[in-house]
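These notes concern the structure reproduced below.
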Amino acid sequence: MSKNDCNPKKILLFFLIVSAALGVRIAYTLGTNIHRPIMADAKYYYIYAHNLLHKGVFSKEYSESPTPDSYWMPGYPAFLAASKLFFGNRFYEGTQFAQAVLGALTAGMAFRIGLYFLPLWAAAFAGFLVAFSPHMIAMNAYILTETLFAFCLALELLFLLAGIETEKKRYFLLSGAASGAAYLVNPVLFFFPFIVSVLLLFGKVHGASSLFEKRKKIILCYISLFLLPWLLWSARGYFNVPANSLSSSNRALDNFIIGSHHDFYEYWRANPRDPKNPATLDQKRVDGSWLAFIPVFLDRVEREPTHYLKWYLIDKPVLLWSWNLLVGQGDVYVYPVTTSWFKSSMIGSSIHFLMGILHWPVFVFAISGLFFLATCKQDKSRLAVAILYAVLLYVSAVYVVLQSEPRYSIPLRPEMYLCASFALWKAGQVVRDAVKKRLDPERISS
8 MSKNDCNPKK ILLFFLIVSA ALGVRIAYTL GTNIHRPIMA DAKYYYIYAH
58 NLLHKGVFSK EYSESPTPDS YWMPGYPAFL AASKLFFGNR FYEGTQFAQA
108 VLGALTAGMA FRIGLYFLPL WAAAFAGFLV AFSPHMIAMN AYILTETLFA
158 FCLALELLFL LAGIETEKKR YFLLSGAASG AAYLVNPVLF FFPFIVSVLL
208 LFGKVHGASS LFEKRKKIIL CYISLFLLPW LLWSARGYFN VPANSLSSSN
258 RALDNFIIGS HHDFYEYWRA NPRDPKNPAT LDQKRVDGSW LAFIPVFLDR
308 VEREPTHYLK WYLIDKPVLL WSWNLLVGQG DVYVYPVTTS WFKSSMIGSS
358 IHFLMGILHW PVFVFAISGL FFLATCKQDK SRLAVAILYA VLLYVSAVYV
408 VLQSEPRYSI PLRPEMYLCA SFALWKAGQV VRDAVKKRLD PERISS
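Counting from 8, one number per residue, gives the positions in the sequence shown under my numbering.
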């Protein structure tokens, strides 16, 4: 994206990160056997893809004449449909390979994003953390959205920071298009482009050229390309989907109800189909109506304000970023595995062990980076870091309000690792400056 990208060290590190990420992902898929890969959510994504290919209908209903719906977004089913067309009978293996490539490129993009505001070693550190993240490695083997969403989000941020750095409109257009693609995979990202627009509009950037000062045109380019997929999808829902069909609003309500119950996971892990699960009872009681559930929820909050304050401000954020996947088999596994590369391979088990030790320290560093961000001078680098924190905080807040499940934070690991690398770099600078000041000869002689 610039002449500076031709630096041999940067090129070498980029290929090392991508190669390492691809190597461990392929090793994992070859060394891991998932007992039933097409089940639960994966089954519905597969049905969506099947209906798209063979019936020309976007629906999770498996029948001769499925009813169109908009319960889930079309991005990942379209990806699966393309994979089925390309790989044919080797669909599952082909999808795993395609996702391994996307995961490897995501690690490379994390490194390249880091170069906009980090020294080379810190950007490489973040890239290798993405490459060796056990959660991101394991997700490549599942027919689930996380790998594609992580790729689209990283691509959006890469183009966005390129636009900020070079002040060229084409990068903002590309970022808007990537943002639209990310939205079609996971609608949680819907409001993020508007947050970015506010940062671009009101953020102070010293040393910017006259082109960058024309912020309204830049924002228009960015938002227009993002809104186009949203408008097309909304029009499809209005004209093609029956009024009584399942929609994304139904899904959001289901997640909100689940997220309001602190004991949901306890019931679910004991029996996923337990009809006495309080969340299940609430879902049946309100029958898809927000107006029916909100008064019930507010009444509970009024009766136990301390409990709900702790649940939403402490417990759910910690839960979201925890290691063990709860709606799944635990650890890094969503669906049951009969064999795992993380257990059968010395390299795999070493990666799993080391990354497990680093998980919470890295997360704490990422959070502490907010302090260093507040002390940075207002330049393009600071704006880049602010955008990374904006996506982390915004998406985390949405999941905290709805349903906090560690699986949902996996696509945000690249951004979290970059923020942690930023904090590590800044903390190192503080320590270095303190040591220099302590050893200053003039200070010693005085």
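Don't be surprised by glycine CBs; every beta carbon is placed ideally from N, CA and C. Model, not experiment: these values are computed from the prediction.
Quick one: grab the DSSP three-state call for residue i.
{"i": "residue 340", "result": "strand"}
{"i": "residue 36", "result": "helix"}
{"i": "residue 231", "result": "helix"}
{"i": "residue 77", "result": "strand"}
{"i": "residue 388", "result": "helix"}
{"i": "residue 329", "result": "coil"}
{"i": "residue 256", "result": "helix"}
{"i": "residue 410", "result": "coil"}
{"i": "residue 451", "result": "With a pLDDT of only 46 at residue 451, under the threshold of 50, the placement of this residue in the model should not be trusted, and no figure is reported."}
{"i": "residue 186", "result": "helix"}
{"i": "residue 268", "result": "coil"}
{"i": "residue 153", "result": "helix"}
{"i": "residue 301", "result": "helix"}
{"i": "residue 251", "result": "coil"}
{"i": "residue 128", "result": "helix"}
{"i": "residue 63", "result": "coil"}
{"i": "residue 122", "result": "coil"}
{"i": "residue 492", "result": "What the structure shows of the chain is the stretch from 8 to 453, and residue 492 is not part of that stretch, so it cannot be assessed."}
{"i": "residue 351", "result": "helix"}
{"i": "residue 436", "result": "helix"}
{"i": "residue 162", "result": "helix"}
What residues in its chain sit with their C-beta under 8 Å from that of residue i, if we drop five residues either side in the sequence?
{"i": "residue 31", "result": "138, 139, 144, 354, 355, 358"}
{"i": "residue 51", "result": "67, 79"}
{"i": "residue 443", "result": "none"}
{"i": "residue 299", "result": "292, 293"}
{"i": "residue 203", "result": "167, 229, 394, 397"}
{"i": "residue 43", "result": "342, 343"}
Identify which residue in the options has its Cα closest to the Cα of residue i.
{"i": "residue 262", "options": "399, 160, 405", "result": "405"}
{"i": "residue 98", "options": "56, 184, 424, 338", "result": "56"}
{"i": "residue 276", "options": "295, 337, 106, 291", "result": "337"}
{"i": "residue 232", "options": "179, 256, 281", "result": "179"}
{"i": "residue 228", "options": "115, 240, 181", "result": "181"}
{"i": "residue 36", "options": "292, 83, 71, 150", "result": "150"}
{"i": "residue 395", "options": "136, 377, 412", "result": "377"}
{"i": "residue 38", "options": "430, 345, 234", "result": "345"}
{"i": "residue 107", "options": "154, 172, 241", "result": "154"}
{"i": "residue 88", "options": "435, 259, 64, 109", "result": "64"}
{"i": "residue 240", "options": "82, 447, 280, 374", "result": "82"}
{"i": "residue 289", "options": "260, 101, 255", "result": "260"}
{"i": "residue 28", "options": "230, 379, 115, 422", "result": "115"}
{"i": "residue 296", "options": "77, 43, 254", "result": "254"}
{"i": "residue 16", "options": "130, 390, 366, 242", "result": "130"}
{"i": "residue 111", "options": "163, 176, 147", "result": "147"}
{"i": "residue 422", "options": "342, 321, 135", "result": "135"}
{"i": "residue 237", "options": "194, 258, 256, 257", "result": "194"}
{"i": "residue 53", "options": "84, 173, 374, 72", "result": "84"}
{"i": "residue 245", "options": "312, 334, 77, 183", "result": "77"}
Between residue i and the rest of its own chain, which residues show a CB-CB distance below 7 Å, the 5 nearest in sequence each way excluded?
{"i": "residue 74", "result": "66, 68, 249, 252"}
{"i": "residue 159", "result": "185, 188, 189, 192"}
{"i": "residue 286", "result": "264, 265, 268, 271"}
{"i": "residue 132", "result": "428"}
{"i": "residue 391", "result": "123, 124, 168, 171"}
{"i": "residue 431", "result": "129, 372"}
{"i": "residue 235", "result": "187"}
{"i": "residue 62", "result": "73"}
In the DSSP assignment, what residue or residues form a beta bridge with residue i?
{"i": "residue 346", "result": "40"}
Excluding five sequence neighbours on each side, which residues of the same chain lie with their C-beta closer than 6 Å to the C-beta of residue i?
{"i": "residue 453", "result": "Per-residue confidence for residue 453 stands at a pLDDT of 46, beneath the threshold of 50, marking its modelled position as unreliable; the derived number appears in the next sentence. Cβ neighbours of residue 453 beyond the five flanking positions: none."}
{"i": "residue 438", "result": "none"}
{"i": "residue 157", "result": "113, 418"}
{"i": "residue 207", "result": "222, 226"}
{"i": "residue 247", "result": "75"}
{"i": "residue 339", "result": "141, 142, 145"}
{"i": "residue 434", "result": "none"}
{"i": "residue 388", "result": "124"}
{"i": "residue 367", "result": "none"}
{"i": "residue 315", "result": "308"}
{"i": "residue 176", "result": "228"}
{"i": "residue 411", "result": "323, 326, 327"}
{"i": "residue 162", "result": "185"}
State yes or no: is the beta carbon of residue i nearer than 8 Å to at least one beta carbon in chain D?
{"i": "residue 441", "result": "This model lacks chain D altogether, as it is built from one protein chain only."}
Are at least three pairs of beta-carbons, each pair with one atom in the region 115 to 126 and one in the region 78 to 93, less than 8 Å apart?
-> no
Decide if the region 109 to 123 is in contact with the region 162 to 170; the criterion is three or more beta carbon pairs, one per stretch, under 8 Å apart.
-> yes
Are the region 40 to 51 and the region 18 to 28 touching, with three or more C-beta to C-beta distances below 8 Å?
-> no
Can you find at least 3 beta carbon pairs, one from the region 406 to 426 and one from the region 320 to 327, that sit closer than 8 Å?
-> The region 406 to 426 is in contact with the region 320 to 327.
Count the C-beta pairs between the region 388 to 402 and the region 344 to 351 that are closer than 8 Å, then say yes if the count reaches three, no if not.
-> no
So does the region 379 to 389 actually touch the region 297 to 309, counting three or more Cβ pairs closer than 8 Å?
-> no
If you pair each beta-carbon of the region 194 to 206 with each one of the region 420 to 431, do three or more pairs fall below 8 Å?
-> no
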